[in-house]
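Asker:
Protein chains: 2
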Amino acid sequence: MQVFTYMLPFCENPPVTVFDPTRKRNARGEQRQQALLRAAATVFGRLGYHQTTTNAIATEAGVSPATLYQFFPNKEAIASALASMYAREMAEAERAIDSEGILSFTEAVGELIDVCMSFNRKHPEFHTLVVDAPLSPSAREDKQVLGQVFVDFIAARLRRELPTLSRSEAAHHGQVALMIFRGILDELTVASPHARPRLQQAMRNAVHRYLTPVLTESKAGAQLEVHR
Amino acid sequence: MQVFTYMLPFCENPPVTVFDPTRKRNARGEQRQQALLRAAATVFGRLGYHQTTTNAIATEAGVSPATLYQFFPNKEAIASALASMYAREMAEAERAIDSEGILSFTEAVGELIDVCMSFNRKHPEFHTLVVDAPLSPSAREDKQVLGQVFVDFIAARLRRELPTLSRSEAAHHGQVALMIFRGILDELTVASPHARPRLQQAMRNAVHRYLTPVLTESKAGAQLEVHR
DNA sequence: CTCTAATATAAGTATCTACTTGCATAGGAG
DNA sequence: CTCCTATGCAAGTAGATACTTATATTAGAG
Numbered sequence: 004m005q006v007f008t009y010m011l012p013f014c015e016n017p018p019v020t021v022f023d024p025t026r027k028r029n030a031r032g033e034q035r036q037q038a039l040l041r042a043a044a045t046v047f048g049r050l051g052y053h054q055t056t057t058n059a060i061a062t063e064a065g066v067s068p069a070t071l072y073q074f075f076p077n078k079e080a081i082a083s084a085l086a087s088m089y090a091r092e093m094a095e096a097e098r099a100i101d102s103e104g105i106l107s108f109t110e111a112v113g114e115l116i117d118v119c120m121s122f123n124r125k126h127p128e129f130h131t132l133v134v135d136a137p138l139s140p141s142a143r144e145d146k147q148v149l150g151q152v153f154v155d156f157i158a159a160r161l162r163r164e165l166p167t168l169s170r171s172e173a174a175h176h177g178q179v180a181l182m183i184f185r186g187i188l189d190e191l192t193v194a195s196p197h198a199r200p201r202l203q204q205a206m207r208n209a210v211h212r213y214l215t216p217v218l219t220e221s222k223a224g225a226q227l228e229v230h231r
Numbered sequence: 004m005q006v007f008t009y010m011l012p013f014c015e016n017p018p019v020t021v022f023d024p025t026r027k028r029n030a031r032g033e034q035r036q037q038a039l040l041r042a043a044a045t046v047f048g049r050l051g052y053h054q055t056t057t058n059a060i061a062t063e064a065g066v067s068p069a070t071l072y073q074f075f076p077n078k079e080a081i082a083s084a085l086a087s088m089y090a091r092e093m094a095e096a097e098r099a100i101d102s103e104g105i106l107s108f109t110e111a112v113g114e115l116i117d118v119c120m121s122f123n124r125k126h127p128e129f130h131t132l133v134v135d136a137p138l139s140p141s142a143r144e145d146k147q148v149l150g151q152v153f154v155d156f157i158a159a160r161l162r163r164e165l166p167t168l169s170r171s172e173a174a175h176h177g178q179v180a181l182m183i184f185r186g187i188l189d190e191l192t193v194a195s196p197h198a199r200p201r202l203q204q205a206m207r208n209a210v211h212r213y214l215t216p217v218l219t220e221s222k223a224g225a226q227l228e229v230h231r
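If you're matching them up, the sequences are chains A and B in order.
Per the working numbering: the first sequence = residues 4 to 231.
Per the working numbering: the second sequence = residues 4 to 231.
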């Protein structure tokens, strides 16, 4: 059986190595890997994970299907490599937001939303990879970390405004904000260009409106929540 | 080629007839159809649409695969029949909410959310059918109508509180509420029983907090929205 | 240059799964 | 009873697609 090593291209994060790390690679091979990943990204973005065939990826990259399997053990590995790369890159971008801590709560959360929306818009294939693709354990980990970074960002900002808020409460609200984000993102990915700006505004409003009462109504606690 | 007629079982709505409406059916056959739909619902709920094979449905129903195809032309038709049934039933339940118009805005919207959450909890397979399954045009129509009923319910309530709100604005807010609902529902369907009550409360809060500013901040219009 | 390992592919195979065929049984109308 | 049609199934077929094999070509190290 063939043994694989591959590095993730166009990504500053520590390279993800799969299988044998001792395998030598030529420059030509590295180019092919990158070309294959770019081709995969294109086709995944066009057709979604399930509709995308490995043959289509190979064709898009201008190589034979067998060549693809010189560099990736299976279809899942391609999806996982892309998903890991994107997840790490996006997490990095989120961590970089307001590292000096000069933004207000609303500004920081708005910036978080914008960064996430731009990223998804720049890499439309990320959505299907995260939602539809079966990922390797390591890619699942990266995906989960990405979610946690989003949640932690919001939780930290909430607690900065309101130190009396418990960690678990803050995390919970971060999680709900993430769910709201994802729900609207689902529509954003299929919305017509004409409808997009309004939805982007709605996204900011929805998350903001969910979070601000946590800060303003906090003294009264859960009693002020919608009853029933 | 075999010709099909089937009626949707356990559903008060007008029966959905597929193919030849003149085909005679015995009581035994009707039982089988219902058993097959029940079996399909079970397996779809357990494995999701894509992982569910027609063979598994037949096995679950205790019949051979060929028998399944006596009653349904293909896998999609099974998913479509179930999805149509559920979509109509759920739309009916939504339309029945506060038909006397005695509930407050908050109560009515809360009731809408509760009805939708209970329905999805009662029929866990509905989610995968609507999200993952390729549906027949008629089932897609029923699904789309269901979404519209949700949106219209909220839009009507918004305009009842605030008659100056334009129809399109009201509809937009209804649509965003639906996206928020779906985003949180996605997590509810996979949440542990222990986490569910808190998420249900978060669902009510999220939708409520998104909608109330539409009523209270309306005079100032979009200017009061989160800037940028 | 030469030799070895990496790269490339044509032409498959293997498997999965939706769906069929051919034939046997049953049950209601007449 | 008799016949026609609905019901039922064992044993398939067909087509899609992930993945492999055998083999040729290339290119970098020494």
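Idealized CB from N, CA, C, for every residue including glycine.
Along the segment 121 to 149 of chain A, what residues have a CB closer than 8 Å to any CB found in chain B?
Answerer: Under the 8 Å Cβ criterion, the segment 121 to 149 of chain A contributes no residue.
Asker: Which word fits Thr219 (chain A), buried or exposed, when buried means at least 16 other C-beta atoms lie within 10 angstroms of its C-beta?
Answerer: exposed
Asker: Quick one: which chain A residues come within Cβ less than 9 Å of Ile183 (chain B)?
Answerer: Met182, Ile183, Gly186, Ile187, Ala209 and Tyr213
Asker: Do we get a CB-CB distance below 8 Å when we pair Val6 (chain B) with the residues of chain A?
Answerer: With a pLDDT of only 44 at Val6 (chain B), under 50, the local geometry of the prediction cannot be trusted, and no value is derived from it.
Asker: Would a check of beta-carbon distances place Arg199 (chain B) closer than 8 Å to chain A?
Answerer: no
Asker: Output, in chain order, the set of chain B residues within a Cβ distance shorter than 7 Å of Glu190 (chain A).
Answerer: Taking the beta carbon of Glu190 (chain A) as reference, the chain B residues within 7 Å of it are Met182, listed in sequence order.
Asker: Determine the direct distance from the alpha carbon of Phe122 (chain A) to that of Glu92 (chain A), and round the result to whole angstroms.
Answerer: The alpha-carbon atoms of Glu92 (chain A) and Phe122 (chain A) are separated by roughly 9 Å.
Asker: Give me the Cβ distance between Gln217 (chain B) and His176 (chain B), rounded to the nearest whole Å; I'm assuming they're in contact under 8 Å.
Answerer: Inspection of the sequence shows that residue 217 (chain B) is occupied by Val rather than by Gln. Indeed, because the Cβ distance is near 5 Å, the residues count as touching under 8 Å.
Asker: Taking buried to mean at least 16 other C-beta atoms within 10 Å of its own C-beta, is Thr259 (chain B) buried or exposed?
Answerer: Here chain B comprises residues numbered 4 to 231, so residue 259 (chain B) is not present and cannot be evaluated.
Asker: Could you check if Val2 (chain B) is buried or exposed, using at least 16 other CB atoms within 10 Å of its CB as the buried criterion?
Answerer: The question about residue 2 (chain B) has no answer here: the residues shown for chain B are numbered 4 through 231.
Asker: Whose C-alpha, out of B:Leu202, B:Ala82, B:Arg35 and B:Met206, is nearest the C-alpha of Leu71 (chain B)?
Answerer: B:Arg35
Asker: Kindly indicate which three-state DSSP category Lys27 (chain B) falls into: helix, strand or coil?
Answerer: In the three-state scheme derived from DSSP, where H, G and I count as helix and E and B as strand, Lys27 (chain B) is classed as coil.
Asker: So, using beta-carbon positions, are Tyr213 (chain A) and Ile187 (chain A) closer together than 8 Å?
Answerer: no
Asker: For Phe184 (chain A), report the span of its alpha helix (DSSP H) as first-last.
Answerer: Arg170 to Leu191
Asker: Looking only at its own chain, which residues have a Cβ that is under 6 Å from the Cβ of Glu128 (chain A), when we skip the five neighbours before and after it?
Answerer: Ala44, Phe47 and Gly48
Asker: Ala205 (chain B) touches chain A at which residues, Cβ-Cβ below 7 Å?
Answerer: Val179
Asker: Enumerate in chain order the residues of its own chain whose CB-to-CB distance from Ala232 (chain B) is below 7 Å, with the five nearest sequence positions on each side excluded.
Answerer: Residue 232 (chain B) lies beyond the range of chain B shown here (4 to 231); nothing can be said about it.
Asker: Taking a cut of 7 Å between CB atoms, which residues from the segment 64 to 76 of chain A lie near chain B?
Answerer: none
Asker: Run through DSSP, which three-state label would Ser102 (chain B) get?
Answerer: Three-state result, Ser102 (chain B): coil.
Asker: Put Asn123 (chain A) into one of helix, strand or coil per three-state DSSP.
Answerer: helix
Asker: Just confirm the distance between the C-beta atoms of Arg2 (chain B) and Ala173 (chain B), as a whole number of angstroms; I'd bet it's less than 8 Å.
Answerer: Here chain B comprises residues numbered 4 to 231, so residue 2 (chain B) is not present and cannot be evaluated.
Asker: For Pro216 (chain A), return the contacting residues in chain B, with the cut-off set at a CB-CB distance below 9 Å.
Answerer: Under the 9 Å cutoff, chain B gives Asn208 and Arg212.
Asker: If you drop the 5 nearest sequence neighbours on each side, which residues of the same chain put their C-beta closer than 8 Å to that of Gly113 (chain A)?
Answerer: Excluding residues up to 5 positions away in sequence, Arg207 and His211 lie with their Cβ nearer than 8 Å to the Cβ of Gly113 (chain A) in the same chain.
Asker: Which of helix, strand or coil does DSSP assign to His211 (chain B)?
Answerer: helix
Asker: Should Val193 (chain A) go down as buried or exposed, given a rule of 16 or more other Cβ atoms within 10 Å for buried?
Answerer: exposed
Asker: Which residue's Cα is closest to the Cα of Ala90 (chain A): A:Asn58, A:Gln73, A:Cys119 and A:Ala159?
Answerer: A:Cys119
Asker: Mind checking His130 (chain A): buried by the 16 CB within 10 Å criterion, or exposed?
Answerer: buried
Asker: Just confirm the distance between the C-beta atoms of Leu138 (chain A) and Ala86 (chain A), as a whole number of angstroms; I'd bet it's less than 8 Å.
Answerer: 6 Å
Asker: Assuming contact is defined by CB atoms lying nearer than 8 Å, are Arg160 (chain B) and Ala96 (chain B) in contact in what I supplied?
Answerer: no
Asker: Taking 7 Å as the line, does the beta carbon of Leu71 (chain A) fall inside it for any heavy atom of the ligand ATP?
Answerer: What this structure holds is no ligand at all, so the ligand ATP is not there to describe.
Asker: Between Gln226 (chain A) and chain B, is there a C-beta pair that is closer than 8 Å?
Answerer: Caution applies to Gln226 (chain A), whose pLDDT of 44 falls short of 50 and renders its modelled position unreliable; the value that the coordinates give is listed next. False, the Cβ-Cβ gap to chain B never drops below 8 Å.
Asker: For a quick check, are the C-beta atoms of Ala1 (chain A) and Ala82 (chain A) less than 8 Å apart?
Answerer: Examination of residue 1 (chain A) is not possible in this model, given that chain A is present from 4 through 231 alone.
Asker: Taking the alpha carbon of Leu165 (chain B) as the reference point, which residue from B:Ser107, B:Arg28, B:Ser67 and B:Met88 has its own alpha carbon closest?
Answerer: B:Ser107
Asker: What three-state label does DSSP hand Phe108 (chain A) in the structure shown?
Answerer: helix
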